[in-house]
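Chemist: Got a structure for you, written out below as structure tokens; questions coming shortly.
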Amino acid sequence: MNLEYFLAKRIASEKTEGKDVTKPAVRIAIGGIAIGLTVMLLAVAIVIGFKSEVRNKLIGFGSHIQVGIATERDGATEPLTIDSLLQQRIEKSNVIRHTQAIANQPGIIKTDDNFQGIVLKGVGPDFSWEFFRQYLKEGDVPHISADSLCKEVLISKKVADLLKLKNGEKIRTYYIVDGKVRVRPLTICGIYSTGFSDYDKMIVISDIKHIQKLNAWSEDQCGAIEVLINDYEDLDKAEDDVFSVIGNRLDVKNQLPLNLKTIKDMNPQIFSWLDMLDTNVVIILVLMMLVSGFTIISGLLILILGRTNMIGILKTLGAKNWSIRKIFIFQTLFLVGKGMIIGNVIGLTLCFLQSQFGLIGLDAENYYVDAVPISLSTINWLLINIGVLCVSALMLVGPTYIITKISPAETIRFE
């Protein structure tokens, strides 16, 4: 058996920390590690959860990649021809999950008492409703088919509350096309709420055929092709794969070049803001590592000073300085382990409670979410714990150098 480990374990099991001098130091050291680890777990979980939540909502409204026409004429977006062969080629990439045709048309919903500017998002039968079903509050999504015109519309709770609309109610939407006002009567079939107010107050979803008729487009024309991928981490590869298909390619009808935009290109300010959060997390992790490290160093020094008599005896018996240093390193690592267990229990419990019950709310107008989001993977949890353990172990080596300066002759004379 390792002698240093054995002695450290015996010292830890004997309640020597019960002495007046060492007991507070041990408690403070364990508490410092526990608090530091708890804060680190919460910081990483909140930032990862927040970035994931905001990013997923942006993707839900606009997809990962959009393929459209590279030029605009008189401020009006040129229509893109829906090419099934082109979509099939794009979907051959192993990172791409789905493609769907969409079109956007700005307009107004007007009631007797109020009005609200909107963007009518036209979708077809191939549209993926997974995102909007997740945030559906009332009713159902529009039942869109390829054969008939669907007059159902999905609106947000924010718009419904502003205009005092209810599910199943008929509304009139107004659009300006070629200088003329066009009216489309629609029926509310469902109400959603994502908490992303910037989009909730604008996006209204209905059949793409409405936009095709408003703009005198043919049935095989749309505003853009949305591309959804399996994993956001593969966005760069998906962009390369899509570009390899559409690069140097012209639209079938109007012979205009195609281009693509990623979700980052469409929302540069929000993604820059999200990237800045990583810097904040790094600062928090470094600060908490330092605080926890200095706390445990202080506790180690007090433990060493409380055991000077034992150190002198061990040196007299022939123990090497490094061997005695290892005893105190092991003993302090036991304390670090206790602190990490407590920190993990507290941190993971708080993460679970927040993720399940949303105890801490946020203003969705400013933060895009109505409660503090939590997301902590097993890998991130392991990396944080391994990092705390390694940094603590490294920081313990230096302070134990004081043991080499302790004289056996001087220490044995004092109890």
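So the mapping is simple: my numbering equals the position in the sequence shown, first residue as 1, plus 26. The beta-carbon is built from N, C-alpha and C at its ideal position, and this holds for glycine as well. Since we're looking at a predicted model, the values are computed, not measured.
(1) When you compare only the Cα positions, how much space is there between Asp109 and Asp246?
(2) Around the C-beta of Phe222, are 16 or more other C-beta atoms found within 10 angstroms, so that it is buried, or is it exposed?
(3) Please report the distance separating the alpha-carbon of Cys1 from that of Lys184.
(4) Exposed or buried, Gly101, counting other C-beta atoms within 10 Å across all chains shown (16 or more means buried)?
(5) Using the three-state DSSP reduction, which class does Ala397 fall into: helix, strand or coil?
(6) So Ser318 is in the alpha helix (DSSP H); what residue range does that whole segment cover?
(7) Would you check if the distance between the CB atom of Glu252 and the CB atom of Ile128 is smaller than 8 Å?
(8) Starting from the C-beta of Leu499, find all residues in its chain whose C-beta is less than 7 Å away, skip the five residues before and the five after it, and write them out in chain order.
(9) Below 8 Å, can you find three or more Cβ-Cβ pairs linking the stretch 410 to 430 to the stretch 302 to 320?
(10) Quick check: what's the CA-CA separation for Asp152 versus Gln126?
(11) Suppose you measure from the CA of Pro425 to the CA of Val308; what does that come to, to the nearest Å?
(12) Assign Asn28 to buried or exposed, taking buried as 16 or more other Cβ atoms, counted over all protein chains shown, within 10 Å of its Cβ.
(13) Taking Tyr218 and Tyr258 to be in contact with their CB atoms under 8 Å, please state how far apart those CB atoms are, rounded to whole angstroms.
(14) In chain order, what residues of the same chain have a beta carbon less than 8 Å from the beta carbon of Cys377, not counting five sequence neighbours either side?
(15) Looking only at DSSP bridge pairs, what is Tyr200 linked to?
(16) Should the stretch 227 to 247 be regarded as contacting the stretch 51 to 65, the criterion being three or more beta carbon pairs within less than 8 Å?
(17) Grab me the residues of Ala38's own chain with a C-beta within less than 7 Å of its C-beta, minus the 5 sequence neighbours each way, in chain order.
(18) Mapping the DSSP letters down to three states, classify Ile170 as helix, strand or coil.
(19) Check whether the Cβ atoms of Gly148 and Ser232 sit closer than 8 Å, and answer yes or no.
(20) Using a Cβ-Cβ cutoff of less than 6 Å, which residues in the same chain neighbour Lys341 once the five nearest sequence positions on both sides are dropped?
(21) Following the continuous beta strand (DSSP E) through Gly363, name the residue where it begins and the one where it ends.
(22) Terminal residues of the continuous alpha helix (DSSP H) containing Gly413?
Modeler: Taking the structure as given:
(1) 8 Å
(2) buried
(3) This structure cannot settle anything about residue 1, because the visible part of the chain is limited to 27 through 441.
(4) At Gly101, the pLDDT of 44 sits below 50, so the modelled position is not reliable; the number obtained from the coordinates is stated separately. With fewer than 16 other Cβ atoms within 10 Å, it is exposed.
(5) strand
(6) Residues Pro294 to Gly332.
(7) yes
(8) Residue 499 lies beyond the stretch modelled for the chain, which goes from 27 to 441, so this question has no answer here.
(9) Flag = yes, the stretch 410 to 430 and the stretch 302 to 320 touch.
(10) Rounded to the nearest angstrom, the gap between the Cα atoms of Asp152 and Gln126 is 6 Å.
(11) 26 Å
(12) exposed
(13) About 22 Å separates the two Cβ atoms, so there is no contact after all.
(14) For Cys377, where only same-chain residues beyond five positions count, the Cβ hits under 8 Å are Leu67, Leu68, Ala71, Ile400 and Leu402.
(15) Ile134 and Val209
(16) no
(17) Gln357 and Phe360
(18) coil
(19) yes
(20) Pro434
(21) No beta strand (DSSP E) holds Gly363; the alpha helix (DSSP H) holding it covers Asn347 to Phe383.
(22) Thr404 to Val423
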